[in-house]
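> Structure provided below as structure tokens; questions to follow.
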Amino acid sequence: MQIHKSVMLDRCITLLTPAIERNSNPIVVDATLGLGGHSKAILEKFPQVRIVGLDRDQSAMKIAKANLQNFAERVTIIHAIYDEIPEVLDNLGFTKVDGILFDLGVSSLQLDEAERGFS
Numbered sequence: 003m004q005i006h007k008s009v010m011l012d013r014c015i016t017l018l019t020p021a022i023e024r025n026s027n028p029i030v031v032d033a034t035l036g037l038g039g040h041s042k043a044i045l046e047k048f049p050q051v052r053i054v055g056l057d058r059d060q061s062a063m064k065i066a067k068a069n070l071q072n073f074a075e076r077v078t079i080i081h082a083i084y085d086e087i088p089e090v091l092d093n094l095g096f097t098k099v100d101g102i103l104f105d106l107g108v109s110s111l112q113l114d115e116a117e118r119g120f121s
């Protein structure tokens, strides 16, 4: 399994906490799911949260699915980019969400493998 350390993880959780705690069944969009590190931490801390994870990188999505398998009933992973959030949420029947996370950095997974076209 690929190892990737999510950057600013504690800060992201701190910023999302008030929005998550306001709702008994919160929904958080991880607009840049990657390997699922941020989502996993959110799911572990908040047992009531549901994650909608988006990513354009199908290889990363496959790893994220494995990393989040213990939370499968609370995670929906969609192959999409973040400008498709409204359409994705509409297709899932969600009219609002409680938080949206964007990790706009570059994953080491993308840079470490030259054949993936990112390096």
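For the sequence shown, the working numbering assigns the number 3 to the initial residue and increments by one for each residue that follows. Beta carbons: idealized from backbone N, C-alpha and C, even for Gly. What you are looking at is a predicted structure, and each value in this text was computed from that prediction instead of being measured.
#1: Looking at C-beta atoms only, is the number of pairs between the region 59-73 and the region 82-98 that lie closer than 8 Å three or more?
#2: Comparing C-alpha positions only, which one of 32, 86, 57 sits nearest to residue 102?
#3: How about residue 51 and residue 90: are their beta carbons less than 8 Å apart?
#4: Quick one: give me the first and last residue of the beta strand (DSSP E) that residue 32 is part of.
#5: Is it the case that the Cβ atoms of residue 106 and residue 66 are separated by a distance below 8 Å?
#6: According to DSSP, simplified to helix, strand and coil, what is residue 90?
#7: Check the DSSP bridge columns for residue 56 and list the partner residues they point to.
#8: Please state if the CB of residue 34 and the CB of residue 12 are separated by a distance shorter than 8 Å.
#9: Going by DSSP in three states, residue 106 sits in which element: helix, strand or coil?
So, from the data block:
#1: The region 59-73 vs the region 82-98: no contact.
#2: If you number the sequence shown from 1, residue 102 lands on position 100. In terms of CA proximity to residue 102, 32 leads the group 32, 86, 57.
#3: Here the question's residue 51 lines up with position 49 in the sequence shown. Here the question's residue 90 lines up with position 88 in the sequence shown. Not closer than 8 Å, so no.
#4: Taking the first residue of the sequence shown as position 1, residue 32 is located at position 30. 29-32 is the span of the beta strand (DSSP E), which, as asked, contains residue 32.
#5: Here residue 106 corresponds to residue number 104 of the sequence shown, with the count starting at 1. Here residue 66 corresponds to residue number 64 of the sequence shown, with the count starting at 1. Cβ distance not < 8 Å, so residue 106 and residue 66 don't count as in contact.
#6: Residue 90 sits at position 88 when you count from the first residue of the sequence shown. DSSP places residue 90 in helix when its eight states are reduced to three.
#7: Here residue 56 corresponds to residue number 54 of the sequence shown, with the count starting at 1. For residue 56, DSSP records a beta bridge to 80.
#8: Here residue 12 corresponds to residue number 10 of the sequence shown, with the count starting at 1. Here residue 34 corresponds to residue number 32 of the sequence shown, with the count starting at 1. Contact flag unset, no.
#9: One-based indexing of the sequence shown puts residue 106 at position 104. Coil at residue 106, not helix or strand.
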